[in-house]
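*Asks:* In full-length UniProt numbering, the protein residues as written are 1 to 292. The beta carbon of each residue, even a glycine, is placed where N, CA and C say it ideally should be. Just dropping this structure here.
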């Protein structure tokens, strides 16, 4: 019998240290260090021979997915900002430690040409592409009365919404039947926080994107699904700008704590695998009990 683990105490319950809001969030500057499954994830070849591109794959949820996919037998290409090179190289090393190919693709996918070329390079260097994880995102705490500078609003829209569209548009003609697209949405799509107004807008739009694209691509044999994380402790969180609220981050979930990136990896593996062959157009909640 597998020993039971109390989910309330499986990981740190806090408090978390205050942040300075510096972007981008980097793993080396995040304390306590997020758990990406480096020491815990065990694969069973559920994705043997698959070829995956993960945007925002350098750290946080993206790193956890990269580790899990590699240990399940997939080769992995990682898209990330150039200033996240150290994080990306560490993730690539973990992929290679699992005996799989790692491809590093630095670039800002909020630029249309970069988004398209990132997909093309992943396809070329992996020898094909059948898993696309659209995960890269940007968020900042916002002032009241929609007090968001247009340049910041544009940055959020281009990173969180335009880039997934551009990457999917480039990837779909390259992906054979049996492929899978997985989009990271958020609980913010369903229970938006006023201080994350623009971020929540993009995540709600991504839910519609998942559902519409799944309907469109089903006849082509391509499944499209989403994962909606709740409060997950990643480098993005201390970079958001929550100096007063950060110490209690995640404590309002029914499980009483923030989640760790490693706790999402199984959801992405399931949606990518043959176990989910009849699952498309779904958004899987990993929220510590918070309702969508």
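1. Give every residue of the same chain whose Cβ lies closer than 6 Å to the Cβ of residue 284, excluding the five residues on either side of it in the sequence, and list them in chain order.
2. By the 10 Å Cβ neighbour count, where 16 or more other Cβ atoms means buried, how is residue 72 classified, buried or exposed?
3. Looking only at C-alpha atoms, which of 11, 9 and 17 sits nearest to residue 245?
4. Would you grab the beta carbon distance between residue 137 and residue 91 for me? Rounded to a whole angstrom, and I think it's under 8 Å.
5. Identify whether residue 26 lies in helix, strand or coil by the three-state DSSP scheme.
6. Give every residue of the same chain whose Cβ lies closer than 6 Å to the Cβ of residue 132, excluding the five residues on either side of it in the sequence, and list them in chain order.
7. Can you tell me which of the three DSSP states residue 143 falls into?
8. Between the region 193-207 and the region 150-170, are three or more C-beta pairs nearer than 8 Å?
9. So, under 8 Å CB-CB, residue 235 and residue 27 are touching, yes? Tell me the CB distance rounded to an integer number of Å.
10. Does the beta-carbon of residue 291 have 16 or more other beta-carbons within 10 angstroms, so that it is buried, or is it exposed?
11. Three-state secondary structure (DSSP) at residue 173?
12. Starting from the C-beta of residue 110, find all residues in its chain whose C-beta is less than 6 Å away, skip the five residues before and the five after it, and write them out in chain order.
13. Tell whether a beta-carbon distance below 7 Å holds between residue 68 and residue 76.
14. Can you have a look at residue 80 and say buried or exposed, based on whether 16 or more other CB atoms are within 10 angstroms of its CB?
15. Per DSSP, which residues does residue 280 bridge with? Please list them.
16. Taking buried to mean at least 16 other C-beta atoms within 10 Å of its own C-beta, is residue 191 buried or exposed?
17. Using the Cα positions of residue 85 and residue 213, report the straight-line distance between them to the nearest angstrom.
18. Based on the DSSP secondary-structure assignment, which residues constitute the bridge partners of residue 232?
19. Jot down the residue ranges of each uninterrupted beta strand (DSSP E) in the region 27-90, minimum 3 residues, whole runs only, in chain order.
20. Go to residue 240, then tell me how far its alpha helix (DSSP H) extends in each direction, as first and last residue.
*Replies:* Straight from the coordinates:
1. 227 and 267
2. buried
3. 17
4. Not really, about 17 Å apart at Cβ, beyond 8 Å.
5. coil
6. 53, 171 and 181
7. strand
8. yes
9. 6 Å
10. exposed
11. helix
12. 158, 159 and 163
13. no
14. buried
15. Answer by DSSP bridge pairing: none, since residue 280 is not bridged.
16. exposed
17. 32 Å
18. 259
19. 51-55 and 75-80
20. Here residue 240 belongs to no alpha helix (DSSP H), and DSSP marks it neither H nor E.
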